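Asks: Each residue of the sequence shown is one higher than the one before, starting from 10 at the first, in our numbering. From the three backbone atoms N, C-alpha and C, an ideal C-beta is built for every residue, glycine too. Keep in mind it's a predicted model, so treat the numbers as computed, not measured. Before anything else, here's the structure in question.
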Amino acid sequence: MKTEQAKLLSKLMDVDFVIHELVLFLDSHPEDRRALEFYKKAVAEQKEIYDQYVTRYGPIVAEDVRQDRWSWVDSPWPWQNEKEARN
10 MKTEQAKLLS KLMDVDFVIH ELVLFLDSHP EDRRALEFYK KAVAEQKEIY DQYVTRYGPI
70 VAEDVRQDRW SWVDSPWPWQ NEKEARN
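Here is the structure:
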């Protein structure tokens with residue numbers, strides 16, 4: 010079962026994929042207003058999910074550090090699973 014953190018990260022990755030695909034579509038269909046509106050909504054949703062994740066679980070990238078201390082190193086590194094991170 011996925012944790013709430015994993016679910017939110019998965020949702021963020023889903024929206025990132027949608028945005029990437031929309032960019033490719035809009036490159037070849039720049040006049041498609043519906044696609045552009047969908048893109049704008051997806052970008053807004055991405056920002057909302059991203060901000061939720063960073064607020065709840067900490068930075069995704071180093072530039073997200075928002076505190077008076079370097080919290081970037083508090084979370085496991087991407088190649089670590091939870092068990093390795095606790096040791």
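Under the three-state reduction of DSSP, which class applies to Arg43: helix, strand or coil?
Replies: Locating residue 43 in the sequence shown gives position 34, counting from the first residue. Helix at Arg43.
Asks: How many Å lie between Ala44 and Leu31 at the Cα?
Replies: For the purposes of this step, residue 44 is identified with residue 35 of the sequence shown, where counting begins at 1. For the purposes of this step, residue 31 is identified with residue 22 of the sequence shown, where counting begins at 1. Straight-line Cα distance between these residues: approximately 7 Å.
Asks: Could you give the DSSP three-state label for Gln89: helix, strand or coil?
Replies: On the sequence shown, residue 89 is found 80 positions in, with the first residue counted as 1. Of the three classes helix, strand and coil, the one that applies to Gln89 here is coil, per DSSP.
Asks: Check Asp77 in the structure and name its three-state DSSP category.
Replies: By one-based count along the sequence shown, residue 77 stands at place 68. Coil, per DSSP.
Asks: Can you tell me whether Val24 is buried or exposed, with buried defined as 16 or more other CB within 10 angstroms of its CB?
Replies: Counting from 1 along the sequence shown, the entry for residue 24 is found at position 15. Per the 10 Å Cβ criterion, buried.
Asks: May I ask which residues mark the beginning and end of the alpha helix (DSSP H) holding Lys16?
Replies: Within the sequence shown, residue 16 is the residue found at index 7, counting from 1. Lys16 -> alpha helix (DSSP H) spans Glu13 to Ser37.
Asks: Taking 8 Å as the threshold (C-beta atoms), are Tyr59 and Gln14 in contact?
Replies: Within the sequence shown, residue 14 is the residue found at index 5, counting from 1. Within the sequence shown, residue 59 is the residue found at index 50, counting from 1. Contact flag unset, no.
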